[in-house]
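Structure first, then comments.
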Amino acid sequence: MNIDRNLRLPARLLLAVPVAALAFSLAACSASRPTVDQVSDGLIKFFESQDQGDVLTEDAADCFAKHFVDSDLSNDTLNYIAQGKDQASSTEDATLTQKILQDNYKECTA
């Protein structure tokens, strides 16, 4: 019986290492706020993935990205945008994202 317990302990420890590393990396991702350049690149990536790369100019993406980063959007939502994803971490962030786009459309697309 002692042999079984001795074999399980290393296996459990080995399983704990990747779990701890994953938890640490996820915590690190959500804690950092992406830069304006990263958010801008993500906006361009998203529009290109929708075959609408000609709709959003680089200047417009930079302008919207600055408003996003300066807003109350969560770091998680900003990271989604920076990755080119159409995703928000909450319904409040989704609503705020739409509001920022609408409120700054004229300025950013002029």
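Going by this note's numbering, the residue at position 75 of the sequence shown is 85; the numbering climbs one at a time, nothing skipped.
Built from N, CA and C at the ideal position, the CB exists for glycine as well.
Quantities reported herein were computed from a predicted structural model and do not represent experimental measurements.
Asked	Found
CA-CA distance, I110 and H77?	7 Å
Would you mind working out which of I91, S81, K95 and D69 sits nearest L113, comparing C-alpha positions?	In the sequence as displayed, the identity of residue 113 is Asp instead of Leu. The option with the nearest alpha carbon to D113 is S81.
Secondary structure at K95, three-state DSSP: helix, strand or coil?	coil
Could you tell me if Y90 is buried or exposed, where buried requires 16 or more neighbouring beta carbons within 10 angstroms of its beta carbon?	buried
Here's a check: name, in chain order, each residue in its chain whose Cβ is nearer than 8 Å to the Cβ of S59, leaving out the five neighbours to either side.	G94
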